[in-house]
Amino acid sequence: MTKLQMPEEMTAVVLDSFSGVEALRVEQRPVPKPGKDEVLVKVAASPINPSDLAYLDGNYGFKNQPPVVPGGEGSGTVVAVGPGMAGRYFLGKRVACLSQGNGSGMWAEYVVTTAKGGALPLHDGVSLEQGAMSMVNPLTACAFLEIAKKGGHKTIVLTAAASSLGQMVNRLARSEGVQVINVVRRDAQVALLKEQGAAIVLNSSEDDFDQQLHDACHQADAHLAFDAVAGPMTRRLLDALPEHSKVTVYSCLSYEAPQMGPDHLIFEDKTLNGFWLGPWINKMNLIQILMLWRRAQKLMATELKSKIRAQYPFQEAKQAVQDYLDQMTGGKILLRPNQ
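Per numbering that gives the first Met the number 0, the very first residue in the sequence shown carries number 0; after that it's consecutive.
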């Protein structure tokens, strides 16, 4: 194992059970060792994402036997590599990285991840703070626009549109000439998106929302929606869209199963599918992944930039998660090693 100097133990945020924020605690753990084609990253920062909240409750696509370290993405510096050629390139480099779903999450001072896609080098102009948020949301935003363009869609519908990801999708869509019908749930979120230049923002709490959404979808000939809410919202989208449309569910903020009627399937030729970033990327070859990453890195200071609302040390992880639960718009919250 090739390595730089490091301690034997590290501070880590640990989840004792899949029961939410109250199951979090901080403890000292041994610094993990990278295996073949793996790298050890000294973590600089890690954001709290909606997917992290789902993981804390046991509602994500993978979960490991507690106690486990949560945290889906982050940034840092590679300080050690295991055997194999793949990791040697990364030694000493600043990287963005993804948790591999094996319980070795990013809310720790050190994390092991694979050198084959789990860590990607940061551009010199991208800070470690922005780099910590440069995978999940930016690559998802790029994916949505690529899916829309490949399908020939000039307009998309987007729920939870005031989120950090939603704002990112809006900026990227404007730069690429794709119109977005934004769906939010509060007047303040309507104002926020309109201040940023969004043309169509609908409040799902209004009494005539369903009619507004129907009219907007038909006027703009929108046939593709990306839904973060699921539950009844999925049905409302399907009701509003013209025939031969698709709703892609990419999150489940309602914690309810997506709803769909037989009329949608049989008589209106409407479809429902899901999106998960990891499998979408895994369908690409290495050259395609690197091209996607290079493009995203170039846009990190503009369309794909994330606003940081607050930063907390690992020791205050519970407070940080609760802060995010109380206000999920207005900027990202970062967790950082104790200074």
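From the three backbone atoms N, C-alpha and C, an ideal C-beta is built for every residue, glycine too.
CA-CA distance, N337 to E128, rounds to 15 Å. Using a Cβ distance threshold of 7 Å, V20 and K317 count as a contacting pair. Residue environment for M290: exposed (fewer than 16 other C-beta atoms within 10 angstroms of its C-beta). In the displayed model, Y88 falls within a helix according to three-state DSSP.
In this structure, the CA atom of G130 is about 22 Å from the CA atom of N101.
A distance below 7 Å separates the beta carbons of D268 and E242.
Spanning the alpha carbons of D209 and P49 requires a straight line of approximately 26 Å.
Within the same chain, Cβ atoms closer than 8 Å to the Cβ of N136 are found at N48, S163, L164, M167, L303 and S305, the five residues on either side in sequence being excluded.
Minimum Cα-Cα distance from G75 among the listed residues L298, P120, A147 and Q326 corresponds to P120. According to DSSP, residue pairing for V67 in a beta bridge involves L14. For secondary structure counted as the beta strand (DSSP E) over 3 or more consecutive residues, the region 168-198 holds these complete runs in sequence order: 178-183. Per the Cβ contact rule, the region 100-119 is in contact with the region 32-45 (3 or more Cβ pairs under 8 Å). Nearest in C-alpha terms to E108, of all of G83, V78 and L90, is V78. Considering only H222, L237, L223 and A256, the residue with the shortest C-alpha distance to A229 is A256.
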